[in-house]
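In what follows, a structure is listed as C-alpha coordinates, so that the remarks can point back to it.
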Amino acid sequence: MKQKERLYYLDWLRVLAFGLLFVFHSARFFDDYGWHVKNVEHSILANILVGFTHGWRMQLIFFISGVGTYFALRSRKGEFLKDRFVRLIIPYLFGIVLLVPPQKYYEFLYNNWFTGRFTEFIMGYPMGLMEHHPGVSLEWTGHLGLHIWYLAFLFVMTLVYLPLVKAIAKPNLLRKSLKFFSRNLMGLFVFILPVILTEVWLRPTHGDYLNWADFFQYSMFFLVGYFFMVFDNYRSLVKKYTYLFLILGVASSWYIFSHYPEINQAETILISIINATIRITSSYSWVLFFFGLSQRKLNFNSRYLSRLNTGILPFYILHQTVIIVIGFYVVSTNFSIMTKFLIILTTSLVSTILLYQIIKRVNALRFVFGMKALEKK
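Using the numbering used here, the first residue of the sequence shown is number 117, and each one after it goes up by one.
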(Lines of atoms letter the chains of each structure in order from A and count residues from 1; the text may use other names and numbers.)
(Lines give C-alpha, C1' and ligand atoms only; values in the text may rest on other atoms or scores of the structure.)
Protein backbone atom coordinates (compact mmCIF):
# COMPACT_ATOMS: atom_id res chain seq x y z
CA MET A 1 0.00 0.00 0.00
CA LYS A 2 1.19 3.50 -0.75
CA GLN A 3 2.30 5.31 2.38
CA LYS A 4 -0.12 8.27 2.06
CA GLU A 5 -2.99 6.53 0.33
CA ARG A 6 -6.29 7.13 2.14
CA LEU A 7 -8.89 4.41 1.79
CA TYR A 8 -12.06 6.26 2.70
CA TYR A 9 -14.22 3.18 2.20
CA LEU A 10 -12.59 1.63 5.28
CA ASP A 11 -13.75 4.56 7.38
CA TRP A 12 -17.29 4.32 5.99
CA LEU A 13 -17.36 0.57 6.55
CA ARG A 14 -16.29 1.07 10.16
CA VAL A 15 -18.94 3.74 10.75
CA LEU A 16 -21.70 1.63 9.20
CA ALA A 17 -20.66 -1.59 11.00
CA PHE A 18 -20.76 0.05 14.42
CA GLY A 19 -23.86 2.04 13.47
CA LEU A 20 -25.64 -1.24 12.81
CA LEU A 21 -25.33 -1.99 16.53
CA PHE A 22 -27.93 0.68 17.28
CA VAL A 23 -30.44 -1.01 15.00
CA PHE A 24 -29.50 -4.51 16.19
CA HIS A 25 -29.82 -3.80 19.90
CA SER A 26 -32.96 -1.70 19.45
CA ALA A 27 -34.52 -4.77 17.80
CA ARG A 28 -33.46 -7.13 20.60
CA PHE A 29 -36.51 -6.21 22.69
CA PHE A 30 -38.78 -7.77 20.06
CA ASP A 31 -37.13 -11.04 18.98
CA ASP A 32 -37.71 -14.53 20.40
CA TYR A 33 -34.28 -14.83 21.97
CA GLY A 34 -33.31 -14.02 25.54
CA TRP A 35 -32.10 -10.53 26.45
CA HIS A 36 -31.97 -8.14 29.40
CA VAL A 37 -35.43 -6.64 28.81
CA LYS A 38 -38.12 -7.93 26.43
CA ASN A 39 -41.36 -6.69 24.94
CA VAL A 40 -44.42 -8.86 25.66
CA GLU A 41 -45.15 -9.33 21.95
CA HIS A 42 -42.43 -10.44 19.59
CA SER A 43 -41.88 -9.83 15.89
CA ILE A 44 -40.92 -12.11 13.01
CA LEU A 45 -39.15 -9.17 11.39
CA ALA A 46 -37.03 -8.73 14.52
CA ASN A 47 -36.20 -12.45 14.46
CA ILE A 48 -35.07 -12.18 10.84
CA LEU A 49 -33.04 -9.01 11.41
CA VAL A 50 -31.33 -10.31 14.54
CA GLY A 51 -30.82 -13.83 13.19
CA PHE A 52 -29.42 -12.64 9.87
CA THR A 53 -27.03 -10.00 11.20
CA HIS A 54 -25.90 -12.17 14.12
CA GLY A 55 -24.06 -14.39 11.64
CA TRP A 56 -21.67 -11.67 10.45
CA ARG A 57 -22.12 -8.53 12.57
CA MET A 58 -19.25 -9.05 15.03
CA GLN A 59 -17.18 -10.88 12.42
CA LEU A 60 -17.27 -7.71 10.31
CA ILE A 61 -16.28 -5.59 13.29
CA PHE A 62 -13.29 -7.82 14.10
CA PHE A 63 -12.30 -7.76 10.42
CA ILE A 64 -12.31 -3.95 10.56
CA SER A 65 -10.37 -4.14 13.83
CA GLY A 66 -7.66 -6.13 12.05
CA VAL A 67 -7.53 -3.41 9.40
CA GLY A 68 -7.27 -0.78 12.14
CA THR A 69 -4.48 -2.71 13.85
CA TYR A 70 -2.45 -2.59 10.63
CA PHE A 71 -2.64 1.20 10.50
CA ALA A 72 -2.12 1.59 14.27
CA LEU A 73 1.07 -0.48 14.13
CA ARG A 74 2.40 1.69 11.31
CA SER A 75 1.65 4.97 13.08
CA ARG A 76 2.26 4.16 16.76
CA LYS A 77 5.09 1.58 16.52
CA GLY A 78 6.88 1.68 19.91
CA GLU A 79 3.81 3.01 21.72
CA PHE A 80 1.40 0.54 20.14
CA LEU A 81 0.70 -1.63 23.21
CA LYS A 82 0.38 1.39 25.47
CA ASP A 83 -2.05 2.92 22.99
CA ARG A 84 -4.11 -0.31 22.84
CA PHE A 85 -4.28 -0.48 26.64
CA VAL A 86 -5.46 3.12 26.93
CA ARG A 87 -7.99 2.84 24.09
CA LEU A 88 -9.37 -0.59 25.03
CA ILE A 89 -8.79 -1.57 28.65
CA ILE A 90 -9.37 1.82 30.29
CA PRO A 91 -12.83 2.17 28.63
CA TYR A 92 -13.57 -1.48 29.43
CA LEU A 93 -12.86 -0.98 33.14
CA PHE A 94 -14.76 2.31 33.17
CA GLY A 95 -17.73 0.61 31.54
CA ILE A 96 -17.72 -2.24 34.05
CA VAL A 97 -17.91 0.22 36.93
CA LEU A 98 -20.34 2.84 35.61
CA LEU A 99 -22.16 1.69 32.46
CA VAL A 100 -22.88 -1.99 33.06
CA PRO A 101 -24.63 -1.75 36.48
CA PRO A 102 -27.59 0.29 35.10
CA GLN A 103 -28.17 -2.41 32.47
CA LYS A 104 -28.20 -5.13 35.11
CA TYR A 105 -30.45 -3.05 37.35
CA TYR A 106 -33.14 -2.76 34.68
CA GLU A 107 -32.73 -6.44 33.81
CA PHE A 108 -33.38 -7.32 37.46
CA LEU A 109 -36.40 -5.00 37.59
CA TYR A 110 -37.84 -6.52 34.43
CA ASN A 111 -37.48 -10.08 35.73
CA ASN A 112 -38.76 -9.17 39.22
CA TRP A 113 -35.45 -10.26 40.74
CA PHE A 114 -35.20 -6.91 42.52
CA THR A 115 -37.72 -4.19 43.39
CA GLY A 116 -35.70 -1.50 45.17
CA ARG A 117 -33.87 1.62 44.07
CA PHE A 118 -30.67 1.67 42.04
CA THR A 119 -28.67 2.85 45.06
CA GLU A 120 -29.85 -0.23 46.95
CA PHE A 121 -29.15 -2.53 44.01
CA ILE A 122 -25.62 -1.30 43.51
CA MET A 123 -24.62 -2.16 47.09
CA GLY A 124 -25.08 -5.88 46.44
CA TYR A 125 -24.09 -5.90 42.77
CA PRO A 126 -20.36 -6.75 43.17
CA MET A 127 -21.14 -9.70 45.44
CA GLY A 128 -23.70 -10.98 42.95
CA LEU A 129 -21.08 -11.01 40.20
CA MET A 130 -18.82 -13.21 42.28
CA GLU A 131 -21.59 -15.61 43.29
CA HIS A 132 -22.68 -16.32 39.70
CA HIS A 133 -19.59 -16.45 37.51
CA PRO A 134 -18.44 -18.56 34.52
CA GLY A 135 -15.28 -19.96 36.12
CA VAL A 136 -11.97 -19.97 34.24
CA SER A 137 -13.19 -18.76 30.88
CA LEU A 138 -13.18 -15.91 28.38
CA GLU A 139 -16.85 -15.56 29.28
CA TRP A 140 -15.64 -13.27 32.07
CA THR A 141 -15.28 -10.53 29.44
CA GLY A 142 -19.04 -10.52 28.90
CA HIS A 143 -19.97 -11.47 32.46
CA LEU A 144 -18.32 -8.28 33.70
CA GLY A 145 -18.62 -6.04 30.67
CA LEU A 146 -21.79 -7.18 28.85
CA HIS A 147 -21.71 -5.54 25.39
CA ILE A 148 -18.20 -4.08 25.80
CA TRP A 149 -16.69 -7.57 25.89
CA TYR A 150 -15.41 -6.70 22.42
CA LEU A 151 -12.84 -4.31 23.92
CA ALA A 152 -11.34 -7.04 26.11
CA PHE A 153 -11.42 -9.60 23.28
CA LEU A 154 -9.63 -7.21 20.95
CA PHE A 155 -6.95 -6.44 23.51
CA VAL A 156 -6.29 -10.15 24.11
CA MET A 157 -6.12 -10.75 20.35
CA THR A 158 -3.64 -7.92 20.02
CA LEU A 159 -1.35 -9.51 22.59
CA VAL A 160 -1.71 -13.04 21.20
CA TYR A 161 -1.23 -12.22 17.52
CA LEU A 162 1.22 -9.32 17.69
CA PRO A 163 4.27 -11.57 17.09
CA LEU A 164 2.48 -13.13 14.10
CA VAL A 165 1.52 -9.87 12.41
CA LYS A 166 5.00 -8.47 13.00
CA ALA A 167 6.53 -11.58 11.42
CA ILE A 168 4.72 -10.86 8.15
CA ALA A 169 6.94 -7.81 7.63
CA LYS A 170 9.95 -10.12 7.23
CA PRO A 171 10.82 -12.20 4.12
CA ASN A 172 9.88 -15.59 5.59
CA LEU A 173 7.76 -18.60 4.67
CA LEU A 174 4.64 -17.08 6.22
CA ARG A 175 4.86 -13.94 4.09
CA LYS A 176 5.60 -15.96 0.95
CA SER A 177 2.63 -18.25 1.64
CA LEU A 178 0.21 -15.36 2.18
CA LYS A 179 1.45 -13.68 -0.97
CA PHE A 180 1.02 -16.93 -2.90
CA PHE A 181 -2.58 -17.36 -1.73
CA SER A 182 -3.39 -13.79 -2.81
CA ARG A 183 -2.98 -14.73 -6.49
CA ASN A 184 -6.42 -16.21 -7.10
CA LEU A 185 -9.94 -16.57 -5.75
CA MET A 186 -9.36 -19.95 -4.11
CA GLY A 187 -6.64 -18.43 -1.96
CA LEU A 188 -9.27 -16.31 -0.22
CA PHE A 189 -10.96 -19.42 1.13
CA VAL A 190 -7.81 -20.86 2.72
CA PHE A 191 -8.43 -18.71 5.79
CA ILE A 192 -11.69 -20.43 6.71
CA LEU A 193 -10.13 -23.91 6.93
CA PRO A 194 -8.55 -23.50 10.40
CA VAL A 195 -11.77 -21.91 11.68
CA ILE A 196 -13.82 -24.89 10.51
CA LEU A 197 -11.42 -27.20 12.35
CA THR A 198 -11.60 -25.17 15.57
CA GLU A 199 -15.41 -25.00 15.28
CA VAL A 200 -15.62 -28.80 15.03
CA TRP A 201 -13.11 -29.24 17.83
CA LEU A 202 -14.10 -26.49 20.29
CA ARG A 203 -17.78 -25.71 19.68
CA PRO A 204 -19.06 -28.93 21.36
CA THR A 205 -17.06 -28.34 24.57
CA HIS A 206 -16.26 -24.60 24.57
CA GLY A 207 -19.18 -23.26 22.57
CA ASP A 208 -20.79 -21.07 25.22
CA TYR A 209 -21.17 -17.42 24.30
CA LEU A 210 -17.76 -15.69 24.29
CA ASN A 211 -15.82 -18.87 24.98
CA TRP A 212 -12.84 -20.24 23.04
CA ALA A 213 -14.83 -21.25 19.94
CA ASP A 214 -15.98 -17.64 19.52
CA PHE A 215 -12.50 -16.30 20.23
CA PHE A 216 -10.83 -18.32 17.48
CA GLN A 217 -13.59 -17.59 14.99
CA TYR A 218 -13.31 -13.85 15.58
CA SER A 219 -9.52 -14.19 15.50
CA MET A 220 -9.65 -15.39 11.90
CA PHE A 221 -11.59 -12.32 10.82
CA PHE A 222 -9.20 -10.08 12.75
CA LEU A 223 -6.17 -11.63 11.05
CA VAL A 224 -7.78 -11.60 7.60
CA GLY A 225 -8.45 -7.88 7.99
CA TYR A 226 -4.77 -7.36 8.77
CA PHE A 227 -3.56 -9.59 5.92
CA PHE A 228 -5.75 -7.78 3.40
CA MET A 229 -3.97 -4.52 4.21
CA VAL A 230 -0.52 -6.05 3.83
CA PHE A 231 -1.24 -7.62 0.44
CA ASP A 232 -3.14 -5.48 -2.08
CA ASN A 233 -4.06 -8.49 -4.21
CA TYR A 234 -6.55 -9.70 -1.60
CA ARG A 235 -8.43 -6.42 -1.76
CA SER A 236 -8.45 -6.52 -5.56
CA LEU A 237 -9.82 -10.06 -5.56
CA VAL A 238 -12.61 -9.19 -3.14
CA LYS A 239 -13.56 -6.15 -5.20
CA LYS A 240 -13.58 -8.23 -8.39
CA TYR A 241 -15.73 -11.02 -6.93
CA THR A 242 -17.97 -8.87 -4.71
CA TYR A 243 -21.22 -10.20 -6.13
CA LEU A 244 -20.05 -13.80 -6.01
CA PHE A 245 -19.75 -13.36 -2.24
CA LEU A 246 -23.27 -11.93 -2.20
CA ILE A 247 -24.57 -15.07 -3.93
CA LEU A 248 -22.67 -17.30 -1.48
CA GLY A 249 -23.95 -15.26 1.45
CA VAL A 250 -27.59 -15.42 0.34
CA ALA A 251 -27.41 -19.15 -0.42
CA SER A 252 -25.71 -20.08 2.86
CA SER A 253 -27.99 -17.82 4.93
CA TRP A 254 -31.06 -19.37 3.30
CA TYR A 255 -29.76 -22.83 4.18
CA ILE A 256 -29.04 -21.78 7.79
CA PHE A 257 -32.51 -20.26 8.26
CA SER A 258 -34.24 -23.26 6.70
CA HIS A 259 -32.26 -25.72 8.84
CA TYR A 260 -32.36 -23.90 12.17
CA PRO A 261 -31.68 -25.07 14.88
CA GLU A 262 -30.25 -28.25 13.30
CA ILE A 263 -27.44 -26.18 11.74
CA ASN A 264 -25.95 -25.71 15.23
CA GLN A 265 -26.16 -29.40 16.12
CA ALA A 266 -24.03 -32.37 15.12
CA GLU A 267 -24.88 -36.05 15.41
CA THR A 268 -21.67 -37.16 13.70
CA ILE A 269 -18.27 -35.66 12.88
CA LEU A 270 -19.22 -35.45 9.20
CA ILE A 271 -22.41 -33.48 9.93
CA SER A 272 -20.45 -31.27 12.32
CA ILE A 273 -17.92 -30.47 9.58
CA ILE A 274 -20.65 -29.76 7.01
CA ASN A 275 -22.61 -27.49 9.37
CA ALA A 276 -19.49 -25.64 10.50
CA THR A 277 -18.42 -25.14 6.87
CA ILE A 278 -21.80 -23.63 5.96
CA ARG A 279 -21.88 -21.35 9.02
CA ILE A 280 -18.34 -20.04 8.53
CA THR A 281 -18.75 -19.70 4.76
CA SER A 282 -21.87 -17.62 5.38
CA SER A 283 -20.14 -15.27 7.83
CA TYR A 284 -17.06 -14.97 5.63
CA SER A 285 -19.05 -14.35 2.45
CA TRP A 286 -21.07 -11.53 3.99
CA VAL A 287 -17.98 -9.86 5.43
CA LEU A 288 -16.21 -10.00 2.07
CA PHE A 289 -19.32 -8.83 0.24
CA PHE A 290 -19.63 -5.72 2.42
CA PHE A 291 -15.87 -5.14 2.16
CA GLY A 292 -15.99 -5.42 -1.63
CA LEU A 293 -19.12 -3.29 -1.90
CA SER A 294 -17.53 -0.56 0.20
CA GLN A 295 -14.53 -0.53 -2.18
CA ARG A 296 -16.88 -0.11 -5.13
CA LYS A 297 -19.31 2.45 -3.68
CA LEU A 298 -17.85 4.20 -0.64
CA ASN A 299 -14.33 5.34 -1.52
CA PHE A 300 -15.04 9.06 -1.12
CA ASN A 301 -14.54 11.66 1.56
CA SER A 302 -17.15 13.71 3.38
CA ARG A 303 -17.01 16.58 5.83
CA TYR A 304 -18.85 14.31 8.29
CA LEU A 305 -16.64 11.23 7.92
CA SER A 306 -13.81 12.27 10.21
CA ARG A 307 -16.22 13.34 12.96
CA LEU A 308 -18.21 10.12 12.66
CA ASN A 309 -15.04 8.04 12.88
CA THR A 310 -13.81 9.92 15.94
CA GLY A 311 -17.04 9.27 17.82
CA ILE A 312 -17.34 5.55 17.10
CA LEU A 313 -15.76 4.24 20.31
CA PRO A 314 -17.77 6.45 22.73
CA PHE A 315 -20.94 5.65 20.78
CA TYR A 316 -20.23 1.93 21.01
CA ILE A 317 -19.46 2.07 24.73
CA LEU A 318 -22.58 4.11 25.54
CA HIS A 319 -25.18 2.75 23.17
CA GLN A 320 -26.48 -0.40 24.89
CA THR A 321 -26.82 1.21 28.31
CA VAL A 322 -28.83 4.05 26.78
CA ILE A 323 -30.97 1.64 24.73
CA ILE A 324 -31.83 -0.59 27.71
CA VAL A 325 -32.70 2.31 30.03
CA ILE A 326 -34.98 3.89 27.42
CA GLY A 327 -36.35 0.58 26.17
CA PHE A 328 -37.36 -0.55 29.65
CA TYR A 329 -39.96 2.23 29.80
CA VAL A 330 -40.99 2.12 26.13
CA VAL A 331 -41.86 -1.61 26.06
CA SER A 332 -44.37 -1.08 28.88
CA THR A 333 -46.47 1.24 26.69
CA ASN A 334 -49.36 0.20 24.42
CA PHE A 335 -47.78 1.34 21.16
CA SER A 336 -47.32 -1.06 18.25
CA ILE A 337 -44.06 -2.99 17.95
CA MET A 338 -42.84 -0.84 15.04
CA THR A 339 -43.66 2.37 16.91
CA LYS A 340 -41.83 1.14 20.00
CA PHE A 341 -38.83 0.13 17.91
CA LEU A 342 -38.64 3.53 16.20
CA ILE A 343 -39.03 5.38 19.51
CA ILE A 344 -36.25 3.33 21.11
CA LEU A 345 -33.96 3.68 18.09
CA THR A 346 -34.37 7.42 17.56
CA THR A 347 -34.50 8.42 21.23
CA SER A 348 -31.43 6.32 22.06
CA LEU A 349 -29.52 7.72 19.11
CA VAL A 350 -30.34 11.32 20.02
CA SER A 351 -29.52 10.69 23.70
CA THR A 352 -26.17 9.13 22.82
CA ILE A 353 -25.33 12.04 20.52
CA LEU A 354 -26.10 14.50 23.33
CA LEU A 355 -23.95 12.56 25.79
CA TYR A 356 -21.14 12.44 23.24
CA GLN A 357 -21.29 16.23 22.89
CA ILE A 358 -20.36 16.43 26.58
CA ILE A 359 -17.74 13.68 26.45
CA LYS A 360 -15.79 15.12 23.52
CA ARG A 361 -15.33 18.47 25.30
CA VAL A 362 -13.87 17.12 28.56
CA ASN A 363 -10.42 15.53 28.48
CA ALA A 364 -11.06 13.36 31.55
CA LEU A 365 -14.13 11.88 29.85
CA ARG A 366 -12.30 11.54 26.54
CA PHE A 367 -9.68 9.47 28.34
CA VAL A 368 -12.10 6.98 29.90
CA PHE A 369 -13.91 6.62 26.56
CA GLY A 370 -10.71 5.81 24.67
CA MET A 371 -10.34 9.12 22.85
CA LYS A 372 -7.22 11.21 22.36
CA ALA A 373 -6.88 14.35 24.48
CA LEU A 374 -7.83 17.69 22.98
CA GLU A 375 -4.86 19.63 21.68
CA LYS A 376 -3.95 22.67 23.75
CA LYS A 377 -4.56 25.94 21.94
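No residue lacks a Cβ here, since even glycine has one placed at the ideal position from N, Cα and C. What you are looking at is a predicted structure, and each value in this text was computed from that prediction instead of being measured.
Go through its chain and collect everything with a Cβ distance to residue i's Cβ below 8 angstroms, but skip five positions before and after it.
i       : result
Ala-188 : Phe-196, Asp-199, Arg-200
Pro-218 : Phe-234, Thr-437, Ile-440, Val-441
Tyr-334 : Met-174, Gln-175, Phe-178, Phe-269, Met-273
Val-354 : Leu-304, Phe-344, Phe-361, Leu-404, Phe-407, Gly-408, Gln-411
Glu-157 : Phe-146, Ile-453
Ala-489 : Asn-479, Arg-482, Phe-483
Quick one, are the C-beta atoms of residue i and residue j less than 8 angstroms apart?
i       : j       : result
Leu-318 : Trp-128 : no
Arg-351 : Phe-344 : yes
Asn-349 : Arg-299 : yes
Ser-398 : Ser-368 : yes
Ile-459 : Gly-211 : no
Pro-66  : Gly-486 : What the structure shows of the chain is the stretch from 117 to 493, and residue 66 is not part of that stretch, so it cannot be assessed.
Met-336 : Phe-307 : yes
Leu-126 : Val-183 : yes
Glu-255 : Asn-327 : yes
Leu-461 : Phe-138 : yes
Arg-122 : Ile-180 : no
Lys-456 : Val-466 : no
Leu-294 : Ile-284 : yes
Glu-394 : Tyr-359 : It is worth fixing the name first, because residue 394 is Ile in this sequence and not Glu. Contact flag unset, no.
Val-311 : Phe-332 : yes
Ser-98  : Ser-464 : The requested residue 98 is not part of the displayed model; the chain covers only 117 to 493.
Leu-245 : Leu-262 : no
Phe-103 : Leu-204 : Residue 103 cannot be examined here, being either before or after the span of the chain that is shown, 117 to 493.
Applying the criterion that 16 or more other CB atoms from any shown protein chain within 10 Å of the CB defines a buried residue, is residue i buried or exposed?
i       : result
Trp-402 : buried
Val-478 : exposed
Asp-103 : Here the chain covers residues 117 to 493 and nothing more, so residue 103 does not appear.
Thr-384 : exposed
Met-174 : buried
Pro-495 : Residue 495 is absent from the structure shown; the chain starts at 117 and stops at 493.
Phe-416 : exposed
Asn-380 : exposed
Trp-186 : The identity of residue 186 in the sequence shown is Tyr, whereas the question assumes Trp. Classification of Tyr-186: buried, given that the 10 Å Cβ count is 16 or more.
Gln-473 : exposed
His-152 : buried
Gly-323 : exposed
Which same chain residues, not among the five before or five after residue i, have their C-beta less than 7 angstroms away from its C-beta?
i       : result
Phe-237 : Tyr-221, Phe-224, Phe-230
Ile-475 : Pro-430, Leu-481, Arg-482, Phe-485
Thr-468 : Phe-431, Leu-434, His-435, Val-438
What are the boundary residues of the alpha helix (DSSP H) that includes residue i?
i       : result
Asn-288 : Neither: Asn-288 is in no alpha helix (DSSP H) and is coded neither H nor E.
Ala-188 : 173-192
Pro-310 : 308-322
His-141 : 124-143
Trp-370 : 358-374
Spatial neighbours of residue i within its chain, please: CB distance less than 6 angstroms, with the 5 preceding and 5 following residues excluded, ordered by chain position.
i       : result
Leu-409 : Thr-358
Phe-297 : Gly-303, Val-306
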